[in-house]
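Below is one structure, written out as structure tokens; comments come after it.
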Amino acid sequence: MQRQMLGAVAIALMLGAAVATSAQDAARGGGAPGGGGGQGRGAGRGPAAPPLVMTTTSFEDGGIIPAKFAGQMGVSPELKWTQVPMGTQSFVLLMHDPDVALQRSTLDVTHWLVWNIPGTSTGLPEGVMPVAELPDGTRQVSLRAAGYMGPGAPATGPYHHYTFELYALDTKIDVPPGTPQEAANTRAAVMKAVDGHALGKAVIVGRFHQ
């Protein structure tokens, strides 16, 4: 009887070892027919898509924004982007000043909101015309104009961090340009439309005070 019990224990141990080895092989992608050993690891996923990248020659990311691009008379900086996600139909660009609590709320200043930039675009040139809608269908607005509004943080305070956010979308946005007085509502409508359609995002920050 004791010999039979020992034999049963030995068989159980052998079966447990075989199951553990099989689980390890499966986790490594090996051991399965046609698995090709270690080559099965991550099969079917393919390489990860590179992130959307935005650059500018107007200032260094995190650096000081030159006076040329500041104030109501300032021109918009040149922006370029690369590594655009597959399926991009349009872009949205938001420039805002998060260092301001507008009207004692969580709302900050909309310095430039640009949407329906064509998906084939690789950037925006310096000095975009301040009109509500460009010939290619691009729409824009800010708190003070139908276009770019430059930084204007006072000299008496710290540097403000003017944040440029670029979104690549799988759709176009059906939001009218609106007026500068409606900039906050327009921004809310555009960003709500972005939700669920963003394929990629890139950010650049420039600092400024007078």
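Residue numbers (the working numbering): 112 to 321.
By construction, the Cβ of each residue, glycine as well, lies at the ideal position given by its N, Cα and C atoms.
Owing to the predicted nature of the structure, the values given are computational and were not obtained by experimental measurement.
Cβ neighbours of LEU235 within its own chain (closer than 6 Å, five residues either side excluded): LEU190. Assignment of alpha helix (DSSP H) within the stretch 250-321, counting only whole runs of 4 or more residues, yields 294-305 in chain order. Per DSSP, MET240 lies in no beta strand (DSSP E) segment and is marked neither H nor E. In the structure shown, the three-state DSSP call for LEU190 is strand. Note that the C-beta distance between PRO188 and GLU237 is below 8 Å. In terms of CA proximity to LEU204, THR221 leads the group THR221, MET184, THR267. If you draw a 10 Å sphere on the C-beta of THR167, you find 16 or more other C-beta atoms in it, and that means buried.
Taking the C-beta atoms as reference points, ARG255 is found no nearer than 8 Å to TRP226. Your pair ILE175 and ARG298 does not check out as a contact, with CB atoms roughly 26 Å apart and the cut at 8 Å. Within its own chain, the residues whose Cβ lies closer than 6 Å to the Cβ of GLY261, once the five positions on either side in sequence are excluded, are PHE180, ALA181, GLY182, GLY185, listed in chain order.
ALA266 is positioned such that its CB atom lies closer than 8 Å to that of HIS320. When only Cα atoms are considered, GLY198 and ALA160 end up about 12 Å apart. Across the structure, VAL239 and GLY311 are spaced so that their CA atoms are roughly 23 Å apart.
The DSSP-derived three-state label of PHE170 is coil. For the 8 Å CB-CB criterion, THR282 and GLN200 form a contact.
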